[in-house]
Every structure is written in structure tokens, then in C-alpha cells.
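In this text, residue positions in the sequence shown follow the numbering used here: the first is 383, and each later residue adds one. Backbone N, C-alpha and C define an ideal beta-carbon position, used for all residues, glycine too. Here is the structure we will look at, set down as C-alpha cells.
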Amino acid sequence: MIKTVVRRWNGPKFDWRIDVRVQLNDETWRRAKRGFNGTEKQAHKEGERFAFAIRDEAEKKLLKGEKLRKEVPTLAEFKSRFIKEHLEANRLKETTADTYKYRLDLYLVPKLGKKKLDEIDLADINSLKSDLEHLESATVNCILGVLSKLLNFAFDNGVLNRAPVRIKKLKAMAPRVEFYSFDEYAALTAAAKALDPKLYAMVLLGGDAGLRRGEMAALSWSDVDFDLGQLTVRGTLYKGVITSPKGGRARTVHLTTRLAEALQAIRHKKGPRVLLTVDDGPLTTTAINDSMPSILTAAGMKPSRKVHVLRHTFCSHLAMKGAPARSIMELAGHTDLATTLRYMHLSPEATQSAIRLLEPTSPIQNSPEKLGRIWEESVPA
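Shown next, in the form of C-alpha cells:
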């Protein structure tokens, strides 16, 4: 079996990228890629020639009994190459790369590290799932996703002769979104305002503008435009370094009146960052977390360090007040509409407006006589 794919090359050297996969008589696969200059039709012909050449060369070696591949590495041995040539080469965000490394070191290497990549089978996957039964299904699926990425990367780069085992993920319920009710949020903002103007601004940045904690810490005065009444989220703070925000793009959020007033109240010239510590140093993400319990306690609520609940509150309150999903998606900076739709069940209009579509506006408008006339008028003469 031969599979040939021709894609437009984005680089400066070639017009096309030819990607061929060839299945041999022993049911193993070979994959190879090359660049090509010419027309698309010529590229397809070159792809066929290239695929047959790969197949013939491999079959000759098989007949001679030659060893086609070096020994397949174990998962533990292959980990460093996966990190270097996939995570680092593709410039994944540091937060994403660190999450991959964490799941590899904590779950995958201890369980499957001594296994050669081509020995990992369905029994190993099921055993891994059993060992992780104490975790939420969504978390287990994320771990399985890392394993799937690693095995597919190995196959795409010729380390595996056969396509890797198909990993079936667990059925996972949509995660419950935790947010503050309107009364709870009012109590929270009042408590923060009474405690400290900086804390008040911080709470409003989360609940009135939807900023993540790293985005709060990275926010600079140059990102705030009081004349236009808006702020732009350009970066996030991670391990002391400002990088691009989640999703890789900036977003603009209009300021509520009270958020604009709160930011004006703490406006300073002690540095570029908006939020500062009591010693006038830049506020860290850890310090933002640490400030939440005292605010919640002052509001008469259970103390927690979960700053992200403020962002959930921002999205939830917008949905509850009837904001369209697309608007919430843009304001929150979601890259996937499915993320936004987690909040839309809170909208009182979501089902009511749909049911109202079935209501006749008047007995005459939808009468059989009028419907008949509409049908007759719609039929071509």
C-alpha cells in the first residue's frame, strides 16, 4: 500500500512538500519526506516515483535479510528527543512544554519508561488507565494525549516501523465551572475595596475584565488606555518572564466604570507594572494567589487561593446577562468556542428564546389560509 500527500511548502527552498508512506510485505511501514520544485501535477508524479523507490529499496533489503532499522528505544530513552525535537523545535509555550514534561516524569516514564516504543500495546494502555483511576477522567485523557503525541512523533520520524497503538480516551463529563454568584461577587468586591485599593483593582481585573492571574501580574500601564476606556492583554507572567498570553494573541477588553476608577486610584509612577506589592515591587502570580484567602474571609466566605474563579465569574455573569457566545469568546480570549459554551447553559435566554420560536405571533399570521398563499407564491410559475 502506498500513500502520497503533496502539500504547499511554506519555506523558501521548495514549492511543494512530498510526504509518502509505504507498507511493505511484512506489514511494516516506511515514511519519507522531500521537497520539490515544479507544478502540483509534477509534484504528484514525483511523489509516486519517490514512493516506489522507497518501497523497492526497502524490499531489497528485506530479501537480503538486512536490518532496516536500528533498535527501537524505550520511552525513557526517547523522552529527551521528543522534548528537543517536538516541544522545543515547535516552540510550544513554556507553560505547555512544562505540562508535557511533568506528565512524562510523573506518570508515563515510571509506568512505561522501560518499554520499547514498539512494545507498548493495548494491555499497557489499559494498565496505565487502571493505575490512574484515582484521577479525574479529563486529567487521565491529558496524560494519554501526551503519550499519543510521543508515539505519533516517533512514527512520523521513522523510529517506529508500524503505526502506534490506537489510544482510546475515557469518556469525561464537562468540568463543573466554579464561579461566584452576583451577591457573592458584590460582597467580595466590597471586602477587597475596604482592605486595600490594590486588592480591589486586582479583583476587578479578574471579575470585570476576565484576566488570568499571569495576565494580571504582567499588565502594564502602557496596556491601559483611559481615554478609550479599554485595556489590552498582551502578555502573561510565567516563572518571572512575560510571554505571550494563552492562545498566542492579544485581546482588548473595555473597562467597566468601577474598574477604570479603581485603576485610576492606584495609578503610580513606580514602574511599568500596574499591580505592585506593599513594597512597591512587581506583584507575582504566587502573591496574587496568596491575597485571595484574606479577601474571601473578609467577605464572610470560605477562604481559597483560587484566583481563576474570578475569570469564571466574568464569563458566567456575561452569559447570565445574555451576552452572545461569540462576544464572550472574544472578551475572554478563548481559542475554542467549546470552552465558551461551558458557560452558556447559565443564560436564561438560551432555552427560552428557542422555545418562543414555536409561538405563533398571531392567529392570523400563521393561519392555514395564509400559509397556503405563502406556499403558492413560493412555487415558480
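Residue i in three-state terms, based on DSSP
i, result
"Leu526", "helix"
"Trp411", "strand"
"Thr614", "strand"
"Lys607", "Looking at the sequence provided, one finds Asp at residue 607 rather than Lys. Strand at Asp607."
"Tyr567", "helix"
"Val541", "coil"
"Ser709", "helix"
"Phe434", "helix"
"Ser626", "coil"
"Ile549", "coil"
"Val590", "For clarity, residue 590 is Asp in the given sequence; the question names Val instead. Note: Asp590 maps to coil in three-state DSSP."
"Leu619", "strand"
"Arg403", "strand"
"Thr478", "helix"
"Val635", "strand"
"His390", "According to the sequence provided, residue 390 is Arg. The question's His does not apply to it. Three-state result, Arg390: strand."
"Ser602", "strand"
"Thr421", "coil"
Residue of the options minimising C-alpha distance to residue i
i, options, result
"Phe561", "Thr679, Leu570, Arg390, Lys553", "Leu570"
"Arg403", "Lys423, Leu657, Glu430, Asp672", "Glu430"
"Gly592", "His694, Leu740, Leu657, Lys628", "His694"
"Arg633", "Ala644, Thr618, Ala647, Leu641", "Thr618"
"Val387", "Phe418, Lys395, Asn407", "Phe418"
"Ser604", "Val623, Leu645, Tyr620", "Leu645"
"Leu678", "Ser509, Val522, Tyr567", "Tyr567"
"Glu422", "Lys443, Trp398, Ala440", "Trp398"
Distance, residue j Cα to residue i Cα
i, j, result
"Ala528", "Arg412", "In the sequence as displayed, the identity of residue 528 is Val instead of Ala. Rounded to whole angstroms, Val528 to Arg412 spans 23 Å at the Cα level."
"Ile502", "Pro579", "56 Å"
"Arg595", "Leu740", "44 Å"
"Met584", "Met683", "18 Å"
"Ile384", "Lys493", "35 Å"
"Leu450", "Gln405", "Unreliable placement is indicated for Leu450, whose pLDDT of 49 sits below 50; the coordinate value is still reported in the next sentence. For Leu450 and Gln405, the distance between alpha carbons rounds to 14 Å."
"Val504", "Gly540", "According to the sequence displayed, residue 504 carries Leu and not Val. Cα to Cα, the separation comes out at about 21 Å."
"Phe661", "Leu641", "Sequence check: residue 661 is Asp here, not Phe. Asp661 and Leu641: Cα-Cα distance of roughly 23 Å."
"Asn534", "Ala545", "8 Å"
"Ile648", "His690", "22 Å"
"Glu470", "His727", "39 Å"
"Phe396", "Arg389", "11 Å"
"Ala680", "Met555", "34 Å"
C-beta neighbour in chain C for residue i, strict 8 Å
i, result
"Arg724", "Absent here is chain C; the protein component of the structure consists of one chain."
Residue environment, residue i, which counts as buried when at least 16 other CB atoms sit within 10 Å
i, result
"Asp590", "buried"
"Gly630", "exposed"
"Tyr484", "exposed"
"Ser729", "buried"
"Leu488", "exposed"
"Phe696", "buried"
"Gly715", "buried"
"Gly588", "buried"
"Lys461", "buried"
"Met598", "buried"
"Val623", "exposed"
"Leu713", "buried"
"Ser673", "buried"
"Thr668", "exposed"
"Arg826", "Only positions 383 to 763 of the chain appear in the structure, and residue 826 is not among them; the question remains open."
Original post:
What residue ranges within the region 642 to 685 form continuous alpha helix (DSSP H) runs of no fewer than 4 residues, ordered along the chain?
Top reply: Taken in chain order, the unbroken stretches of alpha helix (DSSP H) that lie wholly in the region 642 to 685 and span 4 residues or more are 667 to 680.
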